[in-house]
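Novice: Shown below is the structure under consideration.
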Amino acid sequence: MTLLEVNDLSIRYAIDDGSAVHASDRVSFSVDRGETYGLVGESGCGKTTLAKSLVHLLDDNGYIESGNVWFDGTLPQWADENGDAKQSVIDDPDKPVREDGKTDLAALTNKQIRDMRWRDIAIIPQSAMNALNPVYKVGDQIVEAILRHEPQTTKAEAHDRARDLLERVGIEPDRADDYAHQFSGGMKQRAVIAMAMACSPDLLIADEPTTALDVIIQDRILEELEKLQDEFGVSILVISHDISVMAEICDRMAVMYGGKVMESGRTEDIFGETANPYTLGLKNSFPTITSADQDLVSIPGTPPTLRDPDPGCRFRERCPFAIEECHAEHPPMYDVADAESTGRLREATDQRAHGSACYRIDELEQLRTDALNEDTWTEQRIESR
Amino acid sequence: MSDNQSGSSRRRFLQGTGVAAVSAGLAGCSGNGGSDTETDSGGSTPTDDQTPTENQQDESDIPRGGIFNLGMGTAPDTLNALASSSAYASIIYGQTYESGAAIDPVNFEMHPNVFTDWDYEVLDETGETDQPNTELYINVRDDELTWNDGTEFTMDDVLFTYNYYMDQVPGGYAASINPIVSIEEHDGDWDLVMTLNQPNSTFAYDQFGLPILPRHRWEDVDDYNTYAPQDTDFGGPVGLGPGVVTRYEPDTAVEVSYTDREGEYTLSNLSWREDVPGIIPGGPFVDAIRYRVYSSESALHQALFNGDIDSLYSSIRTSRIEDAQEDENLELIDGFDTGYGHYSFNLRRTPLDDQAFRQVLGFAFDDVYWNQQLSRGYEQEGDFVMPPGYTAVRPETGTDQELLTGPSTQAFAFRQSSPSVPNVEAIRSFLADGDIITGEGGTYAGQEYPGSLTGVTSTQSEQVHDYSFGPVESEVLVNADEEPDQEIRVNGQTITEINGSPLTMLLSPASESPQTAQMVEDWLGSLRQIGIPVDREVVSFNTRVTRAYGSEDFDMFSMGWVNLSPFATNTLYSLFHSDNADDHSVVETEGDDSNTDTLYNNAMGYGVGENSGADDLINSARTTLDPEERNDLSREAVERIYLDFPTMVVSYGVQKWPVNTSEWGGVIGNIPGPGSTYLGTQFLQVYQQE
Amino acid sequence: MATQQGDSGTDGGSVRRRWEPRIERLKRGWDRYTEHRIGVVGLVILVVFTLWSIIPGVFAPHSTEWIAYIGEPPIESRLTAEQVRSLPHPPAFGDPFFAPLGTNANGNGILSLLIYSAKNAMYIGLAAGLLSSLVGVPLGLISGFYGDTWIDEAIQRFVDIMYGLPFLPFLIVLVAIRGITTTNIIIGIAVTSWLNNCITVRGETLSLKERSYVESAKVAGASDTRIIFRHIMPNVLPISFVFLAQDAAGAVIAQASLAYLGLADFTANSWGIMLENIKSQGYIFDAWWWLLPPGLALMLMAASFYFIGFSMEDVTNPQR
Amino acid sequence: MTRISGKYLAKRIVVSYLTLLVIMSLLFVLLRSMPGSFITSMISSGMTAEQIARIRETWGLNEPLWRQYLNFMINYQTGNFGRSPTYNTQVWDLMIRRMPRTLVLFGSTFIIGFIVGPLVGMYLGWWRGSRKDKSIFSTSLLLYSMPSFWISWLFIWVFNYELDLLPSAYMFTQFPEFQWTAFTVMRDVLYHIALPIMSLTFIGWVGSMLIMRPTMNQVTDEGYVFLARAKGLSERTVMVKHAARNALIPVATGAVVSLAFLIDGSVIVENVFNWPGMGQIIVSSVLNRDFPVAQATFFMLAVLVVVMRLLTDVIYTYLDPRIKFGEGE
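If you read the protein sequences in the order shown, they are chains A, B, C and D.
Numbering of the first sequence is given in my numbering, commencing with residue 379 and proceeding in unit increments.
Numbering of the second sequence is given in my numbering, commencing with residue 13 and proceeding in unit increments.
Numbering of the third sequence is given in my numbering, commencing with residue 257 and proceeding in unit increments.
Numbering of the fourth sequence is given in my numbering, commencing with residue 45 and proceeding in unit increments.
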């Protein structure tokens with residue numbers, strides 16, 4: 379069952395001189411209930427922006443240009459006893475609620491979305507280590523979240539729940555009375571995770587959940603997340619540049635580049651049946667994905683600036699396989715299975731299916747082979763000189 | 013009125029001359045030095061006949077009651093009359109004290125007060141001052157006098173008072189106390205006998221003017237400095253006066269109440285008061301005086317125009333005179349200065365040791381600019397060291413010349429070639445030709461002088477130095493905006509060569525007296541035009557006092573005097589007698605005690621050398637007990653000082669004392685210091701209009 | 257031919273190459289500076305005041321000696337009593353004389369005094385600001401560089417002591433000791449205002465000291481002085497310029513306060529003295545044309561320093 | 045719950061005390077370097093050398109300077125401030141009388157300034173770069189640039205001279221016609237303190253705003269602010285509870301600096317408004333060379349600053365739980 383359905387979402391950052399950064403351009407993907415979905419890409423590709431935009435947490439100059447974010451859940455005041463949208467709300471054309479009860483988060487006001495934040499969608503920010511306020515006790519910060527969304531809860535109950543949550547992530551309940559600076563890095567991370575579960579959200583966005591941590595703690599945090607997912611049945615949207623982490627935990631994922639989704643599908647498809655030059659390049663640069671004896675090859679060049687980009691494929695400047703067509707327009711999502719089986723390009727109709735934005739997926743075998751060859755990438759560098 | 017004699021026997025340094033002498037309270041100097049009088053007033057000089065405003069009202073008809081509010085720009089320092097050095101305090105504690113004799117501000121005669129009668133006998137006609145010399149016989153009032161705390165007054169208190177003074181010698185009264193050798197009960201017809209070590213023609217003013225102290229309050233005070241009457245159980249000074257201090261918040265508010273003493277205070281009923289024009293006997297008529305202290309002159313004046321106060325201490329500031337004239341409630345009471353503003357010169361320095369050179373300094377002073385422009389007509393042109401109100405000792409008295417404007421008072425008038433431009437040529441040739449004004453008639457620097465009024469001549473009869481003019485060399489002149497074409501040579505040298513520096517004028521910061529600062533600039537500019545190298549140094553009041561009166565380390569300075577004695581003699585003695593000057597002619601060596609840091613009033617060193625001095629005339633005047641003769645001698649001394657020119661009398665303030673006369677009557681005008689020196693007199697007779 | 261070209265090209269090129277990045281940097285800084293409107297406004301005000309200081313005659317309708325009714329010196333006539341009484345005169349435009357901001361009680365034109373006084377404020381502001389930077393910055397550098405040694409401790413204790421002395425009264429004592437001249441006032445202000453510079457620079461130095469390039473310089477055997485002046489100071493300078501501007505503003509106000517308390521050189525033309533005069537001559541509430549302009553000028557001068565300082569802070573702040 | 049160890053506190057107090065000693069010594073030297081002495085007003089022409097010696101003795105000026113210094117230092121240890129020659133009263137009494145008045149004026153300004161300043165700084169820092177921020181910020185810098193006496197004059201002009209709404213002098217009605225009760229005293233003081241406080245705070249709040257604004261702006265980028273938003277808290281709660289609370293910490297340090305600024309301001313304002321506090325006598329005592337009073341007022345203000353510094357350290361530990369003085373020091 380789909381929990382989140384993002385359709386053609388475009389996000390811009392306004393710049394003083396009147397231009398705009400196209401941080402995310404007509405991005406579509408969907409997350410099912412109980413699923414772990416990954417957004418992967420180099421830094422600056424728009425994945426964090428995308429995640430933040432879901433709950434309107436963009437910086438001041440960021441805004442949603444177009445698109446919908448359909449979420450299976452609605453505002454408390456629009457919901458009936460079961461938490462589903464009331465029929466009257468669905469019928470009201472002024473209210474962004476669809477026939478199936480999904481609400482368009484992109485169309486909510488700031489005030490409305492605040493009621494959805496944390497209660498329905500919690501977010502663990504990129505710098506979770508610094509996400510705890512140094513001047514308040516850790517427990518109080520969890521209590522604050524609980525009381526915000528469940529005002530009928532008494533303070534004592536909230537405190538009990540906070541301790542309970544901490545215990546669940548492996549922190550002694552008594553540490554609830556400590557301050558953040560008394561916690562270790564991993565403990566802080568787990569405390570934030572505990573806080574994220576305070577209101578049992580349907581969706582948990584974890585932005586680079588492991589970046590600043592050492593490997594052992596990384597693993598523990600990932601385990602923690604999986605455990606919580608089992609316990610609470612929460613869907614997790616993981617955002618990371620670390621393709622190996624993604625491979626480990628995601629059910630499905632989308633590879634982003636330059637504000638566009640380059641490839642999406644089930645994790646095993648993406649890694650097993652890689653169908654996009656960018657993903658191929660990305661795979662090359664991570665040790666765990668490719669076999670151990672192979673040299674790491676990084677994609678030459680730097681990511682493009684997204685300031686008023688031209689219409690061509692975002693990746694073409696760095697792509698060793700770029701052809702004439704790539705300069706004219708960014709390729710749409712093509713169904714990979716279809717292309718492989720028929721050898722023809724067909725635009726993907728099912729978001730869930732394995733798709734790739736590349737004009738050359740009809741020659742997939744060739745691409746995959748060439749991509750493994752280091753020279754493909756370095757030669758390209760020589761050419762571009 | 014006698015009560016304010018305690019204050020007026022003390023001279024206070026006045027910090028500036030003229031208009032802004034009343035400094036803003038902030039500067040703080042005024043509280044200390046008592047820059048109490050001097051301001052300026054409405055365009056005209058006091059009425060010509062100089063008779064006090066008459067208050068022909070029968071005492072019994074006068075309405076009683078009401079509270080008179082007086083504003084002050086500076087806080088009083090203490091209620092301890094012996095330790096106080098502030099005029100702002102004396103107008104408060106003055107209401108609680110009485111002295112032996114009282115002066116009237118109209119005829120300046122001494123009248124009975126606590127002492128009913130007195131006489132004197134000169135023991136030693138030689139006038140030597142180092143031995144018992146004069147005996148004063150005193151009768152003390154014994155009928156129904158009480159202290160303001162209710163205790164009965166006895167003759168014993170008087171004995172105690174003078175012995176206490178002799179023992180403690182409070183600084184402010186030292187000049188009056190030091191001559192007293194002893195005071196004892198008289199074994200004859202008189203009550204008391206006081207022995208002085210020098211003949212003093214004005215003993216009734218000096219020695220009898222001291223406040224009489226209650227024995228029961230002071231006998232346990234071992235050091236007068238440490239006594240604070242406001243901290244006692246009575247809460248204020250105990251004295252024989254009409255008032256009781258009922259509230260003392262020195263920074264903001266003080267109240268002196270008269271109601272407590274109703275019926276007890278009888279000294280204002282003394283018969284002599286009925287004979288003095290303008291004086292109303294039988295007061296005080298109001299219930300209380302409230303003194304309100306303001307931090308700034310602006311706030312003070314604002315309070316006056318808002319009606320928060322009925323009057324203010326001393327005189328209204330020039331800038332508000334017109335406002336006061338337009339205000340229907342206010343009336344400006346005219347009065348005279350009790351002192352003068354001056355620029356004084358150090359006679360120990362070359363060429364200031366030469367009378368002729370000093371006289372030239374007078375020629376360069378643009379009196380019109382000062383009196384009419386900077387002071388807006390509220391200063392009177394200065395000449396003699398006695399203010400115009402003290403007519404008896406002014407040299408014009410007895411001649412047909414007019415007060416202040418007669419030609420003999422214009423010997424040192426501004427020599428101008430066109431308005432406000434000094435006549436450089438005439439002044440230079442006065443010096444170069446060996447001229448000097450000695451008192452003989454003649455034409456000096458282009459202006460007629462008919463000769464001295466009293467026939468006295470100056471100490472010098474010819475110039476001491478040779479003057480000539482040559483190329484400009486001194487730096488201060490080379491850089492001067494005035495661009496003089498020649499510089500003076502004294503015996504062939506420039507002044508800068510002789511002294512190592514140009515002549516330097518000490519003056520106060522412009523904040524305290526902006527007009528003075530401007531005037532000095534103008535004057536120095538004229539001097540530089542003539543070719544005299546001069547510079548100025550801005551120093552605070554305290555520094556100026558130390559430099560001028562303490563160490564005599566100055567060339568020229570500007571200051572002022574107030575509360576001078578109307579009897580001239582002791583003013584002349586303390587300000588112009590060589591006894592009161594440090595003699596720096598003796599080479600100063602270490603441990604040399606002859607030149608002390610004592611603040612001698614004769615800072616100029618007038619009379620110290622051979623080329624100046626009026627010691628002989630002052631001595632004679634002081635020891636002459638006959639008033640007429642004494643005044644004659646005083647006038648001669650005054651004119652001698654004028655001609656010798658140790659000090660340039662810049663101007664006398666025209667007093668314009670603002671009073672809300674729509675509510676209050678009875679104030680007396682055309683007296684010296686109507687709102688300051690004789691404020692006590694006003695308090696005794698002010699009454700609420702019906 | 258080709259070689260020659262190359263040579264001259266290298267020559268010109270090296271100079272250009274050396275300067276280009278700096279010019280480029282300056283240009284970028286300037287661009288960033290001009291993004292701040294208050295910075296530009298401050299600069300404009302300061303330019304106006306600078307022009308007033310350098311060529312007051314061009315702006316002022318009269319000299320400072322000009323007197324209403326009489327005119328410019330040489331003055332060879334006197335005001336009549338009636339004319340004297342009309343002073344201070346409100347703004348007049350030709351009848352009976354031209355004084356667009358009126359006159360003071362002496363008949364001098366307020367506008368002319370205002371313009372001629374800019375120099376004094378400018379001088380005091382810049383001199384005192386510079387001086388306190390010259391004291392505060394080196395002390396802060398030394399204190400920070402030798403952080404947690406006795407040198408640092410000594411300097412910090414000294415700063416503590418100076419903080420214990422109230423600025424204005426302390427300034428009054430200093431001026432009283434040394435006499436009331438503009439130079440002494442500047443010295444007094446500098447002596448009392450270097451503290452903030454010292455503390456801020458110290459903090460900055462402390463953190464810079466830990467940076468890797470300083471560490472590597474140390475390892476390379478650079479002397480302490482070299483590290484301080486070569487590696488740390490250039491990074492501290494921007495923030496000290498900010499403080500210089502703020503100190504200059506503070507100095508302008510402090511001088512006016514001293515003038516209010518009567519401690520200023522009265523012959524110097526200054527805004528503080530103009531205000532002091534209106535107080536001591538008693539026209540505060542009677543002559544708005546005399547009361548307002550000097551205060552506004554003081555305010556604008558100080559504000560322009562602040563404006564520039566805060567805009568520069570933004571420009572130099574690496575975070576933005 | 046205090047986070048300051050007793051040992052640390054003791055050490056700080058000792059250092060503060062030593063600082064005060066040095067300040068006093070410095071004062072002694074400085075004040076006596078001024079030309080002139082209060083004694084000038086006490087000595088007059090007719091006095092004999094003996095009498096003058098006696099006056100000098102009374103005021104302790106006969107002793108050599110080092111001895112005077114020792115006396116001064118020792119006397120201050122015992123709280124003996126000496127006698128004022130110009131006020132002719134125990135300096136201690138003068139201090140006791142005036143210090144509370146200054147503290148009332150000063151304290152209320154300080155409090156108002158430190159409420160308004162950080163509050164405005166909070167909004168401006170939060171909305172930094174917005175048009176509102178720009179205009180309010182530049183206006184406040186303009187205020188900050190005003191000479192305090194000048195703005196006081198303008199206030200007096202408007203509120204006293206023109207409108208006659210508020211008094212321009214004193215702390216109390218001088219000769220009140222009402223009974224003094226706790227209520228009337230309060231009312232009266234409020235009535236009189238209004239203009240001085242307006243003048244002082246008009247400028248004074250800017251100082252703390254200037255510190256608050258950039259730190260506030262910095263904390264907006266902090267993770268905990270983002271998280272607070274993500275929790276669904278209202279902007280106001282995020283700003284006040286999470287951002288401002290952290291941004292306040294550096295403001296506490298700034299308090300000491302603005303304290304000095306306020307002392308200057310109150311010196312001027314007390315003089316303009318005839319507020320009979322310490323600021324009024326500190327200037328006049330210096331000008332009158334009244335050394336005992338000058339020493340005492342400087343000393344009291346130094347104590348105020350030193351105590352405030354100590355206090356900020358304590359406040360600091362409450363504001364910021366990360367700071368623990370005395371551990372690892």
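C-beta: ideal position from N, C-alpha, C; glycine also.
1. Counting pairs of beta carbons, one from the region 435–455 of chain A and one from the region 389–396 of chain A, are three or more of them closer than 8 Å?
2. Under 7 Å between beta-carbons, which chain B residues line up against tyrosine 214(D)? List them in chain order, please.
3. Measuring straight from C-alpha to C-alpha, what distance separates asparagine 376(C) and asparagine 440(C)?
4. Can the beta-carbon of glutamine 519(A) be found less than 8 Å from the beta-carbon of methionine 573(A)?
5. Can you give me the C-alpha to C-alpha distance between valine 418(A) and asparagine 446(A), rounded to a whole angstrom?
6. Near arginine 272(C), which residues of its chain fall below 6 Å by C-beta distance, leaving aside the five closest residues on each side in sequence?
7. Quick check: is any heavy atom of the ligand MN less than 7 Å from the C-beta of tyrosine 217(B)?
8. Does DSSP put threonine 720(A) in a helix, a strand or coil?
9. Let me know the secondary structure DSSP gives proline 684(B) once reduced to three states.
10. What three-state label does DSSP hand lysine 275(D) in the structure shown?
11. What are the residues of the region 413–435 of chain A that lie near chain D, defined by any Cβ-Cβ distance shorter than 8 Å?
12. Quick one: residues in its chain with C-beta nearer than 8 Å to the C-beta of serine 278(D), no 5 flanking neighbours on either side, listed in chain order?
13. Could you work out which residues of chain A lie near asparagine 290(D), taking near to mean beta carbons separated by less than 8 Å?
14. Contact check, aspartate 503(C) vs alanine 384(C) under 8 Å by CB: the rounded distance?
15. Can you name the residues of chain C whose CB is closer than 7 Å to the CB of tyrosine 188(D)?
16. Under 8 Å between beta-carbons, which chain D residues line up against arginine 458(C)? List them in chain order, please.
17. Given this structure, state the Cα-to-Cα distance separating leucine 171(B) from threonine 258(B), to the nearest angstrom.
18. Between isoleucine 67(D) and chain C, is any beta-carbon pair separated by less than 8 Å?
19. From the DSSP output, in three-state form, read off phenylalanine 449(A) for me.
20. Listed in chain order, which residues of the region 319–334 of chain B have Cβ atoms closer than 8 Å to some Cβ of chain C?
21. Report yes if the C-beta distance between alanine 361(C) and alanine 355(C) is below 8 Å; otherwise report no.
22. In or out: alanine 534(A) buried (at least 16 other Cβ within 10 Å) or exposed?
23. Could you tell me the distance, in whole angstroms, from the CA atom of aspartate 565(B) to the CA atom of glutamate 509(B)?
24. Answer with buried or exposed for alanine 300(B), where buried requires no fewer than 16 other C-beta atoms within 10 angstroms of its C-beta.
25. With H, G and I counted as helix, E and B as strand and the rest as coil, what does DSSP make of aspartate 713(A)?
26. For serine 642(A), which beta-bridge partners are listed by DSSP?
Specialist: Walking through what the data contain:
1. With a cut-off of 8 Å, the region 389–396 of chain A and the region 435–455 of chain A count as touching, because enough Cβ pairs lie within range.
2. For the purposes of this step, residue 214(D) is taken as residue 170 along the fourth sequence, with counting starting at 1. Among the residues of chain B, those whose CB is under 7 Å from the CB of tyrosine 214(D) are Thr264, following chain order.
3. Stepping through the third sequence from its first residue, residue 376(C) is reached at position 120. Stepping through the third sequence from its first residue, residue 440(C) is reached at position 184. Answer to the nearest angstrom: the Cα atoms are 14 Å apart.
4. Within the first sequence, residue 519(A) is the residue found at index 141, counting from 1. Within the first sequence, residue 573(A) is the residue found at index 195, counting from 1. Yes.
5. Counting from one through the first sequence, the residue named residue 418(A) turns up at place 40. Counting from one through the first sequence, the residue named residue 446(A) turns up at place 68. The alpha-carbon atoms of valine 418(A) and asparagine 446(A) are separated by roughly 21 Å.
6. Working through the third sequence from its first residue, we reach residue 272(C) at position 16. For arginine 272(C), where only same-chain residues beyond five positions count, there are no Cβ hits under 6 Å.
7. The ligand MN is absent from the structure shown, which contains no ligands of any kind.
8. Along the first sequence, read from residue 1 onward, the residue named residue 720(A) stands at position 342. Helix at threonine 720(A).
9. Here residue 684(B) is taken as the residue at index 672 of the second sequence, counted from 1. Per DSSP, reduced to three states, the secondary structure at proline 684(B) is strand.
10. Position 231 of the fourth sequence, counted from the start, is the residue given in the question as residue 275(D). Note: lysine 275(D) maps to coil in three-state DSSP.
11. Within the region 413–435 of chain A, the residues whose Cβ lies closer than 8 Å to some Cβ of chain D are Val433 and Leu435, listed in chain order.
12. Translated into positions along the fourth sequence, residue 278(D) becomes position 234. Nothing listed; no residue qualifies.
13. As a working mapping, residue 290(D) is identified with position 246 in the fourth sequence. The contacting residues are Asn511, Pro512 and Val513.
14. Numbered from its first residue, the third sequence carries residue 503(C) at position 247. Numbered from its first residue, the third sequence carries residue 384(C) at position 128. About 7 Å separates the two Cβ atoms, so the contact holds.
15. Position 144 of the fourth sequence, counted from the start, is the residue given in the question as residue 188(D). Taking the beta carbon of tyrosine 188(D) as reference, the chain C residues within 7 Å of it are Tyr562, listed in sequence order.
16. In the third sequence, the residue the question calls residue 458(C) occupies position 202. Result: empty, since nearest Cβ-Cβ is about 13 Å, beyond 8 Å.
17. Translated into positions along the second sequence, residue 171(B) becomes position 159. Translated into positions along the second sequence, residue 258(B) becomes position 246. Answer to the nearest angstrom: the Cα atoms are 28 Å apart.
18. Counting from one through the fourth sequence, the residue named residue 67(D) turns up at place 23. Yes, because at least one Cβ of chain C sits closer than 8 Å to the Cβ of isoleucine 67(D).
19. Position 71 of the first sequence, counted from the first residue, corresponds to residue 449(A). It is a strand residue.
20. Answer set for the region 319–334 of chain B: Arg329, Thr330, Ser331, Arg332 and Glu334.
21. As a working mapping, residue 361(C) is identified with position 105 in the third sequence. As a working mapping, residue 355(C) is identified with position 99 in the third sequence. At least 8 Å separates the beta-carbon of alanine 361(C) from that of alanine 355(C).
22. Within the first sequence, numbered from 1, the residue matching residue 534(A) stands at position 156. The residue in question, alanine 534(A), is exposed, as its Cβ has fewer than 16 Cβ neighbours within 10 Å.
23. Taking the first residue of the second sequence as position 1, residue 565(B) is located at position 553. Taking the first residue of the second sequence as position 1, residue 509(B) is located at position 497. Approximately 18 Å between the Cα atoms of the pair.
24. Locating residue 300(B) in the second sequence gives position 288, where the first residue counts as 1. Per the 10 Å Cβ criterion, buried.
25. Residue 713(A) sits at position 335 when you count from the first residue of the first sequence. DSSP places aspartate 713(A) in strand when its eight states are reduced to three.
26. Position 264 of the first sequence, counted from the start, is the residue given in the question as residue 642(A). Serine 642(A) is bridged by DSSP to Ala632(A) and Gly733(A).
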